[in-house]
Amino acid sequence: MCRFIAYKGEEVTLNDIVISPTNSLIEQSKDAKKRKKPLNGDGFGLSWYPTHSDPFPARFVSIEPAWSNQNLQQIASKVRSQCFFAHVRDASVGMPVSQANCHPFNYQKYTFMHNGRLDQFAKFRRNLLNQLSNRAFDLVKGNTDSECIFALFLDTIEFADNLSTDDLTQALYRVIEKIIQIRREADANTNAFINLAVSDGTSMVATRFATDRESQPASLFYGQGKLAIAAGKDFSLNGNSAQNTVIISSEPLTSEPLTSDKSDWIKVARNHAVIVDARNQVVTQAVPIDYQT
């Protein structure tokens, strides 16, 4: 499984969040703290929404490890954004390392990424693909379960480009329901790890979900508050303000508390979603879907 960051808030350089923190995504690509296998070296990706009027995000992916890619260092130090995703990949067994398989995935204004694994994917991959519209099917360029989930999401929203925060959330829930249904039909009953994140540049939703009641989902945390960045130090988030910034991450990014309040870096409860609206206000809620097993 992989590691990711979803950011929405004050305009920053990608470097401030992706590279500079003590437990940055670069550090997690080499030595993830919340995984049994710490290495995530099978490629990486960035997707960011520009600060000018273009509503569509840019995307940069590579099959190189994040820790050794000089282009990543250059881009992250120059690009500024108020909303971006970053991902480092640990390829599932049997999955090729290729640019087509690197997250995040984009379609028009949507950005999507996945940390997890649809276990026994080979048993139901054909069925999942057969249920996609021609338009969604043609967007699948790689062979990961994650890209198929994104295609299913686009079909679920019928490629609409004007969704409310609730629309985005409910669509993600319906995708999880559909995955469980397809897996049941294929008798794929082992646990599926379904940590998803999606944004349209205005809202952002992430899930922490496992299909087996005896299994824990992959780790997921979030922090929120007014962002403060000081040279040579980890960033901090102070209080919930009108300038609220929200960071959703597979692991806490900082070694020190974000605030004097010990509730910082809140662990997302199992089978819950973190929902960020256009004003960067945060709600967490239980995903209203039963376990598969």
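Under this note's numbering, the first residue of the sequence shown carries the number 891, and numbering increases by one thereafter. By construction, the Cβ of each residue, glycine as well, lies at the ideal position given by its N, Cα and C atoms.
Return the chain-ordered list of same chain residues with a C-beta closer than 6 Å to the C-beta of Glu917, the five sequence neighbours on each side being excluded. The residue labelled residue 917 in the question sits at position 27 within the sequence shown. Around Glu917: no qualifying Cβ.
Between Val969 and Leu904, how many whole angstroms is the CB-CB distance? I'm expecting something under 8 Å. Here residue 969 corresponds to residue number 79 of the sequence shown, with the count starting at 1. Here residue 904 corresponds to residue number 14 of the sequence shown, with the count starting at 1. That pair is a contact at about 5 Å.
Residues bridged to Ile1165 by DSSP? Stepping through the sequence shown from its first residue, residue 1165 is reached at position 275. In DSSP, Ile1165 forms a bridge with Val1095 and Val1173.
Out of Thr941, Arg1015, Asp1180 and Met1003, state which residue places its alpha-carbon closest to the alpha-carbon of Ala1078. The count along the sequence shown starts at 1 and reaches residue 1078 at position 188. Distances from the CA of Ala1078 to each of Thr941, Arg1015, Asp1180 and Met1003 were compared; the closest alpha carbon is that of Arg1015.
Count Cβ pairs between the region 953-973 and the region 1010-1024 that sit closer than 8 Å; are there 3 or more? No: fewer than three Cβ pairs fall under 8 Å.
Per DSSP, cross-strand counterpart(s) of Tyr1181: The residue labelled residue 1181 in the question sits at position 291 within the sequence shown. None; Tyr1181 has no bridge partner.
Give the straight-line distance between the Cα atoms of Thr941 and Thr1001, rounded to the nearest whole angstrom. Mapped onto the sequence shown, residue 941 falls at position 51. Mapped onto the sequence shown, residue 1001 falls at position 111. Near 16 Å, if we compare the C-alpha coordinates of Thr1001 and Thr941.
Give the range of the alpha helix (DSSP H) segment to which Thr1046 is assigned. Residue 1046 sits at position 156 when you count from the first residue of the sequence shown. Segment Asp1035 to Thr1046, the alpha helix (DSSP H) holding Thr1046.
If we ignore side chains and look at the alpha-carbon of each, how far apart do Ile1138 and Gly933 end up? Along the sequence shown, read from residue 1 onward, the residue named residue 1138 stands at position 248. Along the sequence shown, read from residue 1 onward, the residue named residue 933 stands at position 43. Taking the straight line from one Cα to the other gives about 20 Å.
Please name the residue in Ala896, Val908, Lys898 and Gly899 whose C-alpha comes closest to that of Asp1124. As a first step, residue 1124 must be located in the sequence shown, where it is residue number 234. It is Val908.
According to DSSP, Ile1066 sits in a beta bridge with which residue or residues? Taking the first residue of the sequence shown as 1, we reach residue 1066 at position 176. Answer is none; Ile1066 lacks a bridge partner.
Could you tell me the boundaries of the beta strand (DSSP E) in which Arg970 lies? Mapped onto the sequence shown, residue 970 falls at position 80. Segment Arg970 to Val978, the beta strand (DSSP E) holding Arg970.
Under a Cβ-count criterion, where at least 16 other Cβ atoms within 10 Å of its own Cβ denotes burial, should Ser967 be classed as buried or exposed? On the sequence shown, position 77 is the one that residue 967 refers to. It counts as exposed.
Count the other CB atoms within 10 Å of the CB of Gln1071; is the residue buried (16 or more) or exposed (fewer)? Here the question's residue 1071 lines up with position 181 in the sequence shown. Exposed: under 16 other Cβ atoms inside 10 Å.
Classify Lys898 as helix, strand or coil using the three-state DSSP reduction. Start at 1 with the first residue of the sequence shown, and residue 898 comes out as number 8. Strand.
In the DSSP output, which residue or residues are listed as bridge partners for Val1088? The residue given as residue 1088 occupies position 198 in the sequence shown. Partner(s): Phe1002 and Val1095.
Please classify Thr912 as buried or exposed, where buried requires at least 16 neighbouring CB atoms within 10 angstroms. Counted from its first residue, the sequence shown places residue 912 at position 22. It is exposed - the Cβ of Thr912 has fewer than 16 other Cβ atoms within 10 Å.
Buried versus exposed call for Asn1017 [16 or more other C-beta atoms within 10 Å across all chains shown]: The residue given as residue 1017 occupies position 127 in the sequence shown. Flag for Asn1017 reads exposed.
Considering only the alpha carbon of each residue, which of Tyr1063, Gly1113, Arg1025 and Ser958 lies closest to Ser1140? The sequence position of residue 1140 within the sequence shown is 250, counting from 1. Among Tyr1063, Gly1113, Arg1025 and Ser958, the Cα nearest to that of Ser1140 belongs to Gly1113.
Between which two residues does the beta strand (DSSP E) holding Val951 run? Position 61 of the sequence shown, counted from the first residue, corresponds to residue 951. Its beta strand (DSSP E) spans residues Ala948 to Ser952.
Sorted by chain position, which residues of the same chain lie with C-beta nearer than 6 Å to Ala1087's C-beta, five sequence neighbours on each side aside? Here residue 1087 corresponds to residue number 197 of the sequence shown, with the count starting at 1. Within the same chain, Ala1087 has close Cβ partners Ala896, Met1003 and Ala1096.
Could you work out which residue in His1162, Phe1099, Glu1104 and Thr1144 is closest to Ala836 when comparing CA atoms only? The first residue shown for the chain is 891 and the last is 1183, placing residue 836 beyond what the model contains.
Could you pull out every residue in the same chain whose Cβ sits closer than 6 Å to the Cβ of Ala1082, ignoring the five residues on either side in sequence? Walking along the sequence shown from the start, residue 1082 turns up at place 192. Once the five neighbours on either side are set aside, the close Cβ partners of Ala1082 are Leu1008, Asp1009 and Thr1101.
Using beta-carbon positions only, say whether Pro947 and Asn996 come within less than 8 Å of one another. Here the question's residue 947 lines up with position 57 in the sequence shown. Here the question's residue 996 lines up with position 106 in the sequence shown. The answer is yes: Cβ separation under 8 Å.
How should Pro1107 be labelled, buried or exposed, when 16 other C-beta atoms within 10 angstroms of its C-beta is the threshold for buried? Mapped onto the sequence shown, residue 1107 falls at position 217. So Pro1107 counts as buried.
Beta carbon of Ala1061, beta carbon of Phe1049: below 8 Å? Here residue 1061 is taken as the residue at index 171 of the sequence shown, counted from 1. Here residue 1049 is taken as the residue at index 159 of the sequence shown, counted from 1. Not in contact: Ala1061 and Phe1049 (Cβ atoms no closer than 8 Å).
Go through its chain and collect everything with a Cβ distance to Leu1058's Cβ below 7 Å, but skip five positions before and after it. In the sequence shown, residue 1058 corresponds to position 168, counting from 1. The residues are Val1088, Asp1090, Ser1093 and Val1095.
With Phe995 as the anchor, note down where its beta strand (DSSP E) starts and where it stops. Position 105 of the sequence shown, counted from the first residue, corresponds to residue 995. Run containing Phe995: Phe995 to Tyr997, per the beta strand (DSSP E) assignment.
Name the residue from Leu1029, Ser1054, Asn1128 and Ser937 whose alpha carbon lies nearest to the alpha carbon of Trp1155. The residue given as residue 1155 occupies position 265 in the sequence shown. Looking at Leu1029, Ser1054, Asn1128 and Ser937, the one whose alpha-carbon comes closest to that of Trp1155 is Asn1128.
How long is the line joining the alpha carbons of Arg1073 and Leu1029, rounded to whole angstroms? The sequence position of residue 1073 within the sequence shown is 183, counting from 1. The sequence position of residue 1029 within the sequence shown is 139, counting from 1. Near 22 Å, if we compare the C-alpha coordinates of Leu1029 and Arg1073.
Compare the Cα-Cα distances from Ala922 to each of Arg949, Leu936 and Phe894 and report the closest residue. Taking the first residue of the sequence shown as position 1, residue 922 is located at position 32. Checked all of Arg949, Leu936 and Phe894; the closest Cα to Ala922 is Phe894.
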